[in-house]
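What follows is one structure encoded as C-alpha cells, with my remarks underneath.
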Amino acid sequence: MMCLYPAEMLGIEQRLGTIEAGKDADISVFSGHPVTTYAAKVVHSIVNGEVIF
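Have a look at this one:
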C-alpha cells in the first residue's frame, strides 16, 4: 500500500499514492472494519484491474 506522501518522497506520485483514473491501484473490500474487528473477511480483491477474489 502506498499513500500520497511516501509516493511523493519516492518520486512516484504520478503512478501511485491516490485513487485516480490512470493510476495503479490494488483494492481489497472487507465485510467489516478491518482494523477494529478480527471478524472482517475479504469480500473482493482487485489486482491490476482484474477481480481475483
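Once you know that position 17 of the sequence shown is 16 in numbering that gives the first Met the number 0, the rest is easy, because the numbers rise by one and skip nothing. The beta carbon of each residue, even a glycine, is placed where N, CA and C say it ideally should be.
| task | Tell me where the alpha helix (DSSP H) around Glu-7 begins and ends. | result | 3-9
| task | Check Met-30 in the structure and name its three-state DSSP category. | result | Here residue 30 turns out to be Ser, not Met, going by the sequence shown. In the structure shown, Ser-30 sits in coil (DSSP, three-state: anything other than H, G, I, E or B).
| query | Nearest CA to the CA of His-32: which residue from Val-42, Ala-24, Gly-21? | reply | Val-42
| task | Out of Ala-38, Phe-52, Asp-25, Ala-39, point me to the one whose CA is closest to Val-46's CA. | result | Asp-25
| query | In this structure, does DSSP put Gly-16 in helix, strand or coil? | reply | strand
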